[in-house]
Amino acid sequence: MAACVAFDQPGRRLCIALGLFTLSLIGAAHADRDFVAISHRAEGLYGPLGQGRERIDAWQNLLSARRPFSELEQLKRVNGFFNRHLRYREDDELWQQPDYWATPVESLIKGAGDCEDYAIAKYFSLRRLGIPSEKLLITYVKALSLNRAHMVLTYYASPAAEPLVLDSLMDDIEPASRRTDLLPVYAFNGEGVWLTAASGNKRAGDSKRLSRWQDVLKKMRAEGFSSEPER
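The sequence shown begins at 16 in my numbering and counts up one residue at a time.
What follows is the structure, given as structure tokens:
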């Protein structure tokens with residue numbers, strides 16, 4: 016940007032705008048190369064991608080959008096994307112295992128997943144879009160209306176803010192106070208594990224203790240992602 020100093024004020028603004036546009040193009044080109052490598056690695060790890068390639072390409076487009084979005088807009092786009100592109104399937108049917116945590120790439124190849132796969136995919140997508148990990152928690156809840164365990168992604172605009180809930184069961188993103196059908200139990204992200212309560216979240220340990228979470232991170236590194244991807 017130093018070359019802009021020689022211009023008058025209007026020229027300087029134009030120079031800065033062109034510089035930012037150029038940087039956005041460079042970032043987009045870098046993201047495109049990343050996803051080419053990720054697709055190649057995915058084929059090596061999982062075999063032919065089939066229709067999964069189209070879903071992974073659509074995911075790339077989601078994460079490489081040229082225009083800036085607010086965090087709330089990003090939440091809506093990511094929540095809607097995975098709710099549209101994945102269909103719900105139980106682990107024993109999809110993976111022939113009682114409990115399997117898939118990476119976003121694995122879920123998109125299958126075009127399916129269960130609740131934790133939706134939450135994991137949304138978490139890593141929003142992290143790659145630049146939302147800090149402290150604003151995002153993958154939250155284990157009891158779905159009271161279904162009388163079963165469930166998992167959602169929660170977003171905190173600030174540490175003391177009421178969380179918003181991104182759920183595979185519905186497209187609307189609602190504050191936790193409106194989700195009386197969900198009873199929080201614990202939450203985690205790349206930084207740690209928290210016990211959830213009406214009075215606030217209390218840190219309960221390190222997420223390294225969650226073996227399936229560590230397995231997801233290991234698989235993502237093999238696919239070409241960093242353990243906590245950011246753009």
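Heads up, the beta-carbon is just placed ideally off N, CA and C, and yes, glycines get one too.
Per DSSP, what kind of secondary structure is residue i in: helix, strand or coil?
i, result
"Ile135", "helix"
"Ala202", "strand"
"Pro119", "helix"
"Arg82", "coil"
Does the beta-carbon of residue i have 16 or more other beta-carbons within 10 angstroms, so that it is buried, or is it exposed?
i, result
"His55", "exposed"
"Pro178", "buried"
"Ser173", "exposed"
Report the rounded CA-to-CA distance for residue i versus residue j, giving the unit in angstroms.
i, j, result
"Leu101", "Gln112", "19 Å"
"Trp110", "Thr118", "13 Å"
"Gly215", "Lys157", "18 Å"
"Pro199", "Gly62", "38 Å"
"Ile124", "Leu64", "6 Å"
Keeping to the same chain, check which residues put their C-beta closer than 7 Å to that of residue i; ignore five residues upstream and five downstream.
i, result
"Asn98", "Ser183 and Asp186"
"Gln66", "Gly126"
"Asp129", "Tyr103, Arg104, Glu105 and Asp106"
Within its chain, find whatever has a CB closer than 8 Å to the CB of residue i; leave out the 5 residues flanking it on each side and keep chain order.
i, result
"Asp230", "Trp116"
"Ile53", "Ile71, Val120, Glu238, Gly239 and Phe240"
Which residues in the same chain have their Cβ closer than 6 Å to the Cβ of residue i, if we skip the five residues on either side of it in sequence?
i, result
"Asp196", "Leu159 and Ser160"
"Lys234", "Thr118"
"Ser140", "Val93"
Problem set entry | Contact between the region 223 to 231 and the region 163 to 170 (3+ Cβ pairs under 8 Å) | no
For this session: Would you be able to state if there are at least three C-beta pairs under 8 Å between the region 78 to 90 and the region 57 to 67?
Result: no
Problem set entry | Inter-stretch contact (C-beta, 8 Å, three-pair minimum) for the region 142 to 161 and the region 198 to 209 | yes
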